[in-house]
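Novice: Here it is: the structure, laid out below.
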Amino acid sequence: MGETPRLVATDIDGTLLGDDRRLSARTGAVLTRIAAAGTPVVLVTGRPIRWLQLVYDQLSTPLPAVCANGAVVYDPDTDQVLRADPLAPELLAEVARRLRAAVPEVSFAVEIVDSREMRHEAHYPLRWDADHEAIRAVESPEELASVPAVKLLARAGTQDPDAFVQVVAGALEGLAEATHSSYSGLVEISAAGVTKAAGLAWYAERIGVRQADVLAFGDMPNDVPMLTWAGRAVAVANAHPAVLEIADEVTGANTADGVAAYLEKVFGVA
1435 MGETPRLVAT DIDGTLLGDD RRLSARTGAV LTRIAAAGTP VVLVTGRPIR
1485 WLQLVYDQLS TPLPAVCANG AVVYDPDTDQ VLRADPLAPE LLAEVARRLR
1535 AAVPEVSFAV EIVDSREMRH EAHYPLRWDA DHEAIRAVES PEELASVPAV
1585 KLLARAGTQD PDAFVQVVAG ALEGLAEATH SSYSGLVEIS AAGVTKAAGL
1635 AWYAERIGVR QADVLAFGDM PNDVPMLTWA GRAVAVANAH PAVLEIADEV
1685 TGANTADGVA AYLEKVFGVA
């Protein structure tokens, strides 16, 4: 990569935001200055579209986003989905069938309508979304797989996430992608070939930026494909061991404005 990146891509939770899910004034100011000076900044996240407003409310200008681990590319200026790559209903049904056989206690939720809505089984434990009007329980397993979904979410009680994702991936045998981005035992499943790397690569090509000129930041296993793909990969100090292992460099933790500190150095802004 040259001295100055032509595209900055960053994960949100655990990377850009503090543990309180807040964007510091320092980080927000740096992102604004870089984007205003002509270097595109894109958020690359496992979050659905409906969770982006919590971040946009903290930015002076909304940034484009690759959502749902690469399945959705979103333009906040027009509120348009530029690209979506969901799991088809028949694939969803087969993935669910395989996982129910491998993990009898598993429960599911799906991100639908390009991740603007969620449907979940009655016993699926809700967290952030418990009272959101776009969220509702399905009445049958068939309804869960009745429409395309940009992400299938799987939980099975308290699980070691690294071990659980291996169980899920083994059951799927390449039928779909399995990853995780939390420590709560949640596994996130996307269509085969759909990763943060694939979504970011599509966006970079759209705006005419080469892979070698992309600078990316991340902290969790779902960031590994993106960080492996990018010309320069930077992990925050609090990152998962799998991320620290493959990163080109390590910056400060998310709670210490690590992304901002790195960008200030690279772009000469403060």
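First residue of the sequence shown: 1435, per my numbering; consecutive thereafter.
Each residue gets a CB set at the ideal place from its N, CA and C atoms; glycine is no exception.
Counting Cβ pairs closer than 8 Å, one from the stretch 1539-1549 and one from the stretch 1666-1682, do we hit at least three?
Specialist: The stretch 1539-1549 vs the stretch 1666-1682: no contact.
Novice: Tell me the DSSP secondary structure of Q1492 in three-state form.
Specialist: In the sequence shown, the residue the question calls residue 1492 occupies position 58. Correct three-state label for Q1492: coil.
Novice: Identify which residue in D1454, A1505, R1531 has its Cα closest to the Cα of P1482.
Specialist: Translated into the one-based positions of the sequence shown, residue 1482 becomes position 48. For the residues D1454, A1505, R1531, the minimum Cα distance to P1482 belongs to A1505.
Novice: Would you grab the beta carbon distance between A1469 and T1495 for me? Rounded to a whole angstrom, and I think it's under 8 Å.
Specialist: Residue numbering aside, residue 1469 sits at position 35 when the sequence shown is read from its first letter. Residue numbering aside, residue 1495 sits at position 61 when the sequence shown is read from its first letter. Confirmed, about 7 Å.
Novice: Count Cβ pairs between the stretch 1506-1523 and the stretch 1649-1658 that sit closer than 8 Å; are there 3 or more?
Specialist: Not touching, per the Cβ criterion.
Novice: Put Q1645 into one of helix, strand or coil per three-state DSSP.
Specialist: For the purposes of this step, residue 1645 is identified with residue 211 of the sequence shown, where counting begins at 1. Three-state result, Q1645: helix.
Novice: Taking Cβ to Cβ, would you say G1665 is nearer than 9 Å to R1644?
Specialist: On the sequence shown, residue 1665 is found 231 positions in, with the first residue counted as 1. On the sequence shown, residue 1644 is found 210 positions in, with the first residue counted as 1. Yes, the Cβ-Cβ distance between G1665 and R1644 is below 9 Å.
Novice: Between the beta-carbon of V1500 and the beta-carbon of L1465, is there less than 9 Å?
Specialist: Start at 1 with the first residue of the sequence shown, and residue 1500 comes out as number 66. Start at 1 with the first residue of the sequence shown, and residue 1465 comes out as number 31. Not a contact, by the Cβ cut-off of 9 Å.
Novice: Decide if S1574 is buried, meaning its Cβ has at least 16 other Cβ atoms within 10 Å, or exposed.
Specialist: As a working note, residue 1574 is residue 140 in the sequence shown. The residue is exposed, with fewer than 16 neighbouring Cβ atoms inside 10 Å.
Novice: Give me the Cα-Cα distance between I1446 and V1478, rounded to the nearest whole angstrom.
Specialist: For the purposes of this step, residue 1446 is taken as the residue at position 12 of the sequence shown. For the purposes of this step, residue 1478 is taken as the residue at position 44 of the sequence shown. Going from the Cα of I1446 to the Cα of V1478 covers about 7 Å.
Novice: Are the beta-carbon atoms of T1629 and E1607 separated by less than 9 Å?
Specialist: Residue mapping note: residue 1629 aligns to position 195 of the sequence shown, counting from 1. Residue mapping note: residue 1607 aligns to position 173 of the sequence shown, counting from 1. No.
Novice: Work out the CA separation of T1449 and I1680 for me, nearest whole Å.
Specialist: Against the sequence shown, residue 1680 aligns to sequence position 246. Against the sequence shown, residue 1449 aligns to sequence position 15. Distance between the alpha carbons of I1680 and T1449 is about 16 Å.
Novice: Report the residue from W1485, G1604, A1535, L1525 whose alpha carbon sits nearest the alpha carbon of M1552.
Specialist: Sequence index remark: in the sequence shown, residue 1552 carries index 118 (1-based). Selected option, being the one with the closest Cα: W1485.
Novice: Can you check the stretch 1549-1573 for any beta strand (DSSP E) of at least 3 residues that lies completely inside it and give the ranges in chain order?
Specialist: The stretch 1549-1573 contains these whole beta strand (DSSP E) runs: 1551-1554, 1569-1571.
Novice: Pick helix, strand or coil for D1657, following the three-state DSSP scheme.
Specialist: By one-based count along the sequence shown, residue 1657 stands at place 223. Helix.
Novice: Cβ atoms of T1444 and T1473: under 9 Å apart, would you say?
Specialist: To locate residue 1473, count along the sequence shown from 1; it is residue 39. To locate residue 1444, count along the sequence shown from 1; it is residue 10. Result no, Cβ atoms of T1473 and T1444 do not sit closer than 9 Å.
Novice: Look at the alpha carbon of A1535 and the alpha carbon of V1602, and state the distance between them as a whole number of angstroms.
Specialist: Taking the first residue of the sequence shown as 1, we reach residue 1535 at position 101. Taking the first residue of the sequence shown as 1, we reach residue 1602 at position 168. Between A1535 and V1602, the C-alpha separation is close to 11 Å.
Novice: Looking at the unbroken beta strand (DSSP E) that takes in L1477, where does it start and where does it end?
Specialist: Counting from 1 along the sequence shown, the entry for residue 1477 is found at position 43. 1475-1478 is the span of the beta strand (DSSP E), which, as asked, contains L1477.
Novice: Using the C-alpha atoms, what's the distance from N1688 back to A1669?
Specialist: Counting from one through the sequence shown, the residue named residue 1669 turns up at place 235. Counting from one through the sequence shown, the residue named residue 1688 turns up at place 254. Between A1669 and N1688, the C-alpha separation is close to 10 Å.
Novice: Whose C-beta lies closer than 6 Å to the C-beta of A1556 among residues of the same chain, with five residues either side of it excluded?
Specialist: Counted from its first residue, the sequence shown places residue 1556 at position 122. The answer, listed in chain order, is A1571.
Novice: Skipping 5 residues on each side, what residues in its chain have a beta carbon closer than 8 Å to that of A1605?
Specialist: If you number the sequence shown from 1, residue 1605 lands on position 171. Around A1605: R1532, L1533, A1535, A1536, V1537.
Novice: I1468 lies in the alpha helix (DSSP H); which residues open and close that run?
Specialist: Here residue 1468 refers to the residue found at position 34 when the sequence shown is read from its first residue. Unbroken alpha helix (DSSP H) run through I1468: 1459-1470.
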